[in-house]
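One structure is given here, and the rest of the page talks about it.
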Ligand code: C2E
Ligand code: CA
Ligand code: CA
Ligand code: CA
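Below, the structure written as structure tokens:
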């Protein structure tokens with residue numbers, strides 16, 4: 495049994511080594527990826543449920559890693575956060591996204607994901623201000639998406655940064671709402687302009703009464719706080735119908751558009767008819 499135990503441990507450690515090596519190599523590559531031009535941005539449309547009009551786009555980071563092809567942000571963002579490369583990467587995303595959005599007609603917004611690591615740094619305030627100045631993007635057209643988990647790290651600092659950024663006229667959305675540890679506490683203490691309902695609720699909203707009841711409750715919460723709610727991960731007409739009936743404000747998901755290039759026809763058409 496001892497030998498078997500040793501073998502198991504040895505096997506386990508080898509496994510850990512491999513994983514650690516994989517992450518170390520990825521971190522090393524992440525540090526150079528901005529310089530090497532390996533990142534690009536995908537845009538996913540956000541629409542008003544009432545009018546069907548486009549309200550803006552969320553920016554999603556894509557990495558074409560040499561020798562590995564496209565790596566999912568769900569995989570490399572945590573590594574970038576762990577090794578600190580997220581600051582330089584996040585800066586590149588913000589700058590590129592604002593440059594892009596500055597060429598769009600009013601009133602379309604650009605929503606940019608911000609990591610908790612970025613949020614914990616006071617420099618973020620100046621970074622946002624300087625980026626707006628440099629790109630000429632009006633502050634009200636920028637939205638930062640922040641998860642509840644991003645906030646809990648250093649709560650006071652995050653709160654300070656968010657308040658300062660909001661004071662510039664930039665809006666703040668709570669991302670993945672309903673999946674954090676402290677959703678209600680987040681609502682109580684943070685300055686935000688939008689709630690993004692996590693997509694995990696969407697998969698069951700038609701079939702499961704309990705999920706539907708939760709969605710309804712979150713929408714009611716949004717109403718009483720006068721904060722719009724955007725539903726993420728909308729994939730079917732049926733889901734959209736439920737959301738419309740329950741008074742949800744905006745939607746995003748494969749049904750309305752997959753992340754990819756900007757649909758300029760849609761942007762120009764909607765801005766002329768507005
Ligand atoms: P997120 O912010 O919740 O972004 C939405 C994710 O849901 C995206 O995955 C998007 O492709 C996916 N999605 C959109 N509509 C649907 C749908 O109808 N069904 C399903 N099943 N999925 C849908 P993606 O692009 O793989 O990004 C994953 C996560 O990586 C993001 O989740 C975000 O947390 C993070 N991320 C992406 N870009 C950035 C970035 O620039 N900075 C930071 N800090 N994080 C980023
Ligand atoms: Ca997001
Ligand atoms: Ca989300
Ligand atoms: Ca998510």
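Numbering (UniProt numbering), first residue to last: 495 to 768. From the three backbone atoms N, C-alpha and C, an ideal C-beta is built for every residue, glycine too.
Around the C-beta of residue 748, fewer than 16 other C-beta atoms lie within 10 Å, and the residue is accordingly described as exposed.
Secondary structure within the region 670-701: the alpha helix (DSSP H) runs of 4 or more consecutive residues, fully enclosed, are 677-683 (chain order).
Within the DSSP bridge table, the entry for residue 641 names 669 as partners.
DSSP places residue 536 inside the beta strand (DSSP E), whose first and last residues are 533-542. Between the C-alpha atoms of residue 678 and residue 651 there is a straight-line separation of about 19 Å.
In this structure, residue 688 lies away from residue 669, with their beta-carbon atoms at least 7 Å apart. At least one heavy atom of ligand 2 lies less than 6 Å from the C-beta of residue 669. The bridge partners DSSP lists for residue 559 are 563. Annotation: residue 531 to residue 606 spans about 19 Å, alpha carbon to alpha carbon.
Here residue 727 carries a coil assignment [DSSP, helix/strand/coil]. The shortest C-alpha to C-alpha distance from residue 643 to any of 628, 617, 619 and 673 is the one to 673.
Look at residue 745 here: in three-state DSSP terms it is strand.
For residue 594, the shortest separation between its Cβ and any heavy atom of ligand 3 does not lie below 6 Å. In the three-state DSSP reduction, residue 600 falls in the coil class, being neither helix nor strand. Between the alpha carbons of residue 709 and residue 608 lies a distance of about 25 Å. Across the set 758, 745 and 552, the C-alpha of 745 shows the shortest separation from the C-alpha of residue 546.
Here residue 739 is exposed. Its C-beta has fewer than 16 other C-beta atoms within 10 Å. For residue 659, the enclosing alpha helix (DSSP H) has its first and last residue at 649-661. Collapsing the DSSP output to three states places residue 740 in coil. For residue 636, the three-state secondary structure derived from DSSP is strand.
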